[in-house]
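*Asks:* Going by the working numbering, the sequence shown opens with residue 9, and the numbers climb by one from there. All C-beta atoms, glycine included, are put in the ideal place defined by N, C-alpha and C. Since this is a predicted model, take the numbers as computed values, not measurements.
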Amino acid sequence: MQATSPLRRMRTGLSATLAAAAAALLVACGGGGDLVDPFDAKRLFVFGDETNIILGSSGGPAGRRYTVNTRNADSSVNCLDNPIWVQQLGRELNIGFSQCPLPVTEEASPRGTMLATVGGTIPDLETRITTFLAGTSIAEGDLATVYTGQNDLIALYGTINTAAQATAAVATARELGNRLGLQINRLAQADVRVLFGTLPNLNLTPWGRAQTSSVFNPQTVLRNMTEAFNTGLRATVINDGRLIGLVDIGDRVGLLADSPSSLGSGGNAVNAACTTAVPNCFDDTLISAANETNHLWVSDRHFGVTAHDIIGLRAINRVETNPF
9 MQATSPLRRM RTGLSATLAA AAAALLVACG GGGDLVDPFD AKRLFVFGDE TNIILGSSGG
69 PAGRRYTVNT RNADSSVNCL DNPIWVQQLG RELNIGFSQC PLPVTEEASP RGTMLATVGG
129 TIPDLETRIT TFLAGTSIAE GDLATVYTGQ NDLIALYGTI NTAAQATAAV ATARELGNRL
189 GLQINRLAQA DVRVLFGTLP NLNLTPWGRA QTSSVFNPQT VLRNMTEAFN TGLRATVIND
249 GRLIGLVDIG DRVGLLADSP SSLGSGGNAV NAACTTAVPN CFDDTLISAA NETNHLWVSD
309 RHFGVTAHDI IGLRAINRVE TNPF
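#1: Do L141 and G56 count as a contact pair if the criterion is CB distance below 9 Å?
#2: With DSSP run on the structure shown, which of helix, strand or coil describes T301?
#3: Which of the three DSSP states, helix, strand or coil, is assigned to L101?
#4: Quick one: what does DSSP say N225 is sitting in, helix, strand or coil?
#5: For A171, count neighbouring C-beta atoms within 10 Å of its own C-beta (all shown protein chains included) and say buried if the count is 16 or more, exposed if not.
#6: Among residues of its own chain, excluding the 5 on either side of G274, which ones have a beta-carbon nearer than 7 Å to its beta-carbon?
#7: With 16 as the cutoff for other CB atoms within 10 Å, does S307 come out buried or exposed?
#8: Per DSSP, what kind of secondary structure is T78 in: helix, strand or coil?
#9: Which class does D150 belong to by DSSP, given the choice of helix, strand or coil?
#10: If you reduce the DSSP assignment to three classes, tell me which class G320 lands in.
#11: If A124 sits next to I61, beta carbons under 8 Å apart, how far is it from one beta carbon to the other, in whole angstroms?
#12: My output table needs one value for T121: the three-state DSSP class, helix, strand or coil.
#13: Could you round the C-beta distance between G128 and G104 to whole angstroms and report it? I think they count as a contact, below 8 Å.
#14: So, for Q219: in the same chain, excluding its five sequence neighbours on each side, which residues have a beta-carbon less than 6 Å away from its beta-carbon?
#15: Measure the alpha-carbon distance for I257 versus G157 and round it to whole angstroms.
#16: Run the CB neighbour count on N169, radius 10 Å, all protein chains shown included, and call it buried at 16 or more, exposed below.
#17: Find the nearest neighbour of M233 within the set L184, D291, I295 and N86, judged by alpha-carbon distance.
#18: Tell me, please, which residues DSSP counts as bridged to Y155.
#19: Measure the alpha-carbon distance for I137 versus T153 and round it to whole angstroms.
#20: Going along the chain, which residues of its own chain have a beta-carbon closer than 8 Å to the beta-carbon of L264, five neighbours each way excluded?
#21: Does DSSP classify I252 as helix, strand or coil?
#22: Need the endpoints of the alpha helix (DSSP H) that R201 sits in, please.
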């Protein structure tokens, strides 16, 4: 296992800086009497696709994620290393998951629940949220994260054979964004506070870059589909500044794609880092030019470690600054 990256070491310091800045603002405004109290998350519920998931022991070693995994000395998965974005958020809130608990000195019993699914789609999310709302007693301090839609857009792209179908797919992508927004609203209207993420442009993924067609420009269509999806999503979610917070995942990943040097020495925003399929990617199964942190993508469509680092920091900042 490689040494902790500078970016990962920076996470704690940046979180502390953000908290200090918020406290300074509170004092500058004359105290906290007229401002909203900071949100105190008691439970964390994670919805979405495999990007968000920590796997249990079924089908392989427990604790694997769809990014670069590492192992402990006994060959078990070190699930606290290279945390995915929802793990980073949870750790900031002192909330772990049964699939990867925090040290007992930080949390006696995990208060995070993994409701994300491998290959998850928006219809899957609709079913998950219906079941969740029917079977869960919502309480003060409940926080949910929602990030999904990529699998839906990839499936939609697979139906395109003509230029006319490509145009229609952009409209369908916006409708999918609308559908996702309605599910986020269901959680918020049940008094769950929600963080949701936008999708990065699919044309930036190794999968998207590999698409070809003699009938239409795949990269343009994928970009237009993703942008339509995000537009529909943003237009639908409740925008009162209190119930729901946006994590601009699409924008953050776009910035990394535009500036691969920000990924460190040998930074690469084009190729997948791993030679094995996720979630069975480990730090000893990387291509020769890759290390744990210098590739934007671990697979043809899943985030590498640095992308998760940056998204996690954005999510933490949103929780600390949004007046939930």
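*Replies:* With the given structure in hand:
#1: Taking the sequence shown and counting its residues from 1, the one referred to as residue 56 is at position 48. Taking the sequence shown and counting its residues from 1, the one referred to as residue 141 is at position 133. Not a contact, by the Cβ cut-off of 9 Å.
#2: Walking along the sequence shown from the start, residue 301 turns up at place 293. Note: T301 maps to coil in three-state DSSP.
#3: By 1-based counting over the sequence shown, the position of residue 101 is 93. Three-state result, L101: coil.
#4: Within the sequence shown, numbered from 1, the residue matching residue 225 stands at position 217. N225: coil per DSSP, three-state reduction.
#5: Your numbering for residue 171 matches position 163 in the sequence shown. Under this definition A171 is an exposed residue.
#6: On the sequence shown, residue 274 is found 266 positions in, with the first residue counted as 1. Result list for G274: A297 and N302, in chain order.
#7: Indexing the sequence shown from 1 puts residue 307 at position 299. Per the 10 Å Cβ criterion, buried.
#8: As a first step, residue 78 is located in the sequence shown; it is residue number 70 there, counting from the start. Reduced to three states, the DSSP call for T78 is coil.
#9: Residue numbering aside, residue 150 sits at position 142 when the sequence shown is read from its first letter. Looking at D150 - three-state DSSP - the assignment turns out to be strand.
#10: For the purposes of this step, residue 320 is taken as the residue at position 312 of the sequence shown. Correct three-state label for G320: helix.
#11: What you label residue 124 is simply residue 116 of the sequence shown in a count that begins at 1. What you label residue 61 is simply residue 53 of the sequence shown in a count that begins at 1. Confirmed, Cβ separation roughly 4 Å.
#12: Against the sequence shown, residue 121 aligns to sequence position 113. Of the three classes helix, strand and coil, the one that applies to T121 here is strand, per DSSP.
#13: Counting from one through the sequence shown, the residue named residue 128 turns up at place 120. Counting from one through the sequence shown, the residue named residue 104 turns up at place 96. With 8 Å as the limit, G128 and G104 do not qualify as a contact, their Cβ atoms being about 21 Å apart.
#14: What you label residue 219 is simply residue 211 of the sequence shown in a count that begins at 1. Once the five neighbours on either side are set aside, the close Cβ partners of Q219 are P226.
#15: Against the sequence shown, residue 257 aligns to sequence position 249. Against the sequence shown, residue 157 aligns to sequence position 149. So the alpha carbons of these two residues sit roughly 13 Å apart.
#16: Taking the sequence shown and counting its residues from 1, one reaches residue 169 at position 161. Exposed: under 16 other Cβ atoms inside 10 Å.
#17: Position 225 of the sequence shown, counting from 1, holds the residue named residue 233. Checking every option, the nearest Cα to that of M233 belongs to L184.
#18: Along the sequence shown, one-based indexing puts residue 155 at 147. Its beta-bridge partners are G56.
#19: Along the sequence shown, one-based indexing puts residue 137 at 129. Along the sequence shown, one-based indexing puts residue 153 at 145. Going by the C-alpha atoms only, they are around 12 Å apart.
#20: Along the sequence shown, one-based indexing puts residue 264 at 256. Excluding sequence neighbours, L264 sits near S270, L271, A277, L304, T314, A315 and I318.
#21: The residue labelled residue 252 in the question sits at position 244 within the sequence shown. In this structure, I252 counts as strand in the three-state DSSP scheme.
#22: Counted from its first residue, the sequence shown places residue 201 at position 193. Taken as a continuous stretch (DSSP letters only), R201 belongs to no alpha helix (DSSP H), being part of the beta strand (DSSP E) at R201 to G205.
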